[in-house]
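Heads up, the thing below is written out as structure tokens.
Protein chains: 2
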Amino acid sequence: MERTLEATHIAIGELSVRTAVNIETIRYYEREGLLPKPLRGSNGRRVYAEADVERLQFLRRCRELGFSLADVSNLMSLAANGVATCADVKCVVSKHRADVRGKLMDLQRLDRALAAMEQSCPGSQSTDCPILASLAQT
Amino acid sequence: MERTLEATHIAIGELSVRTAVNIETIRYYEREGLLPKPLRGSNGRRVYAEADVERLQFLRRCRELGFSLADVSNLMSLAANGVATCADVKCVVSKHRADVRGKLMDLQRLDRALAAMEQSCPGSQSTDCPILASLAQT
DNA sequence: CCTAAATGCTGTAGTACCTACAGGAGCAAG
DNA sequence: CTTGCTCCTGTAGGTACTACAGCATTTAGG
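First to last, the sequence lines map onto chains A and B. Positions in the first sequence are counted from 1; adding 5 to them yields this note's numbering. Positions in the second sequence are counted from 1; adding 5 to them yields this note's numbering.
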């Protein structure tokens, strides 16, 4: 359990803890090409370096912001080669935000409709429910 | 093409048109047990009745309100036996609405975060993007 | 009457993003 | 030496559809 200055032999379990990403998910990202195939120790186990921690943290933050894996892949290559302009990056973000706002409005409509239903129903022991009636309306 | 008074020989295509539900989706609902297995004509094709139109419309309306298929199944059996109380139905609706409101708040947080990112970025030809910087923050 | 288009059938696979095993190997501590 | 932990591969499941492939039948037009 020695890890002093040269901490560049990171096992998948430690990577998982340090990034708060599930081990199975890490392997999944590798299969999907979002993380590079790591080196393997003589026992066949994956060996990571600090750079992998940073890459995976980037990935996790993107996912928390709701970006698709395709978007994340996109953003990563933009970040990687250093050729990306602000305009390129902002475009990805704006598209995603438009998507989020669309979903937001859908959910707001939904919430209003459900609120109306809730209000219409006394929640009593009656077997004649206005909610069912409105769902069954011919 | 005769369909005058006794219109109780409905083909799946007509059911699809009348309910605005995809044919493949209708067959999927049947497989999942949300629609009863219909009669079959001598040619093996599905034959529906008016009651099926109503059931499928009920189903579609529930889906439009974002209920899961499990919830819909639940609501349908509540509606079917006539033993359901308002309280039972309202409980399903309220749970779902709580779920929707949860997602709504998640999306609002997301939108705020994305808006902040968008504002931080000039969208210029600069290759030093504040969005990438914030995503890569160590 | 014949043919072409439309409709229907079953069964399988793909979508997005993981998560959860099964069944096995290797290594360290007690 | 045994127990327990971590790790490995490969596969299946969940959600709600959608999209074929490959075939049979029905209907409309000429």
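Yeah, the Cβ is synthetic: ideal placement off N, Cα and C, and Gly gets one too. Just so we're clear, the structure is a prediction, and the values are computed from it rather than from any experiment.
What residue range is occupied by the uninterrupted alpha helix (DSSP H) comprising residue i?
i, result
"G18 (chain B)", "I17 to T24"
"C96 (chain B)", "C91 to S125"
"S82 (chain A)", "L74 to N86"
"S139 (chain A)", "P135 to A141"
"E35 (chain B)", "I28 to R36"
Where does residue i fall in DSSP's three states?
i, result
"V52 (chain A)", "strand"
"L44 (chain B)", "strand"
"L64 (chain A)", "helix"
"R8 (chain A)", "With a pLDDT of 36 at R8 (chain A), under the threshold of 50, the modelled position of that residue is not reliable, and no figure is offered here."
Thinking residue i and residue j are a contact (beta carbons under 8 Å), I'd like their distance in whole angstroms, please.
i, j, result
"E59 (chain B)", "A138 (chain A)", "13 Å between Cβ atoms; not a contact."
"Q92 (chain A)", "S129 (chain B)", "Here residue 92 (chain A) turns out to be Ala, not Gln, going by the sequence shown. Indeed, because the Cβ distance is near 6 Å, the residues count as touching under 8 Å."
"A121 (chain A)", "L70 (chain B)", "Not confirmed; about 11 Å, so no contact."
"L20 (chain B)", "V77 (chain B)", "About 17 Å; that fails the 8 Å criterion."
"T132 (chain B)", "T90 (chain A)", "6 Å"
"I136 (chain B)", "K95 (chain A)", "7 Å"
"R51 (chain B)", "R45 (chain B)", "6 Å"
"R65 (chain A)", "V26 (chain A)", "6 Å"
"V105 (chain B)", "D116 (chain A)", "5 Å"
"K108 (chain A)", "L112 (chain B)", "6 Å"
"L61 (chain B)", "F72 (chain B)", "So it is not a contact: roughly 14 Å between Cβ atoms."
"T13 (chain B)", "A54 (chain B)", "5 Å"
"E123 (chain B)", "R68 (chain A)", "Not quite, the Cβ-Cβ distance comes to about 19 Å (not below 8 Å), so this is no contact."
Taking only beta carbons into account, state which residues of the region 102-127 of chain B come closer than 8 Å to chain A, listed in chain order. The region 102-127 of chain B vs chain A, Cβ under 8 Å: R102, V105, R106, K108, L109, L112, Q113, L115, D116, A118, L119, A120, M122, E123, C126 and P127.
Determine which residues of the region 70-89 of chain B have a Cβ less than 8 Å from any Cβ of chain A, and write them out in chain order. Per Cβ criterion, the list reads L70, G71, L80, L83, A84, G87, V88 and A89.
Tell me which residues of the region 31-42 of chain B have at least one Cβ-Cβ distance to chain A shorter than 9 Å, keeping chain order. Per Cβ criterion, the list is empty.
Taking a cut of 7 Å between CB atoms, which residues from the region 48-65 of chain B lie near chain A? Contacts with chain A (Cβ-Cβ distance below 7 Å) from the region 48-65 of chain B involve E59 and F63, listed in chain order.
Any C-beta of chain A within less than 9 Å: which residues of the region 128-141 of chain B qualify? The residues in question are G128, S129, Q130, S131, T132, D133, C134, P135, I136, L137, S139, L140 and A141.
Report the residues of the region 17-28 of chain B with a CB closer than 7 Å to any CB of chain A, ordered along the chain. Within the region 17-28 of chain B, no residue has a Cβ lying closer than 7 Å to any Cβ of chain A.
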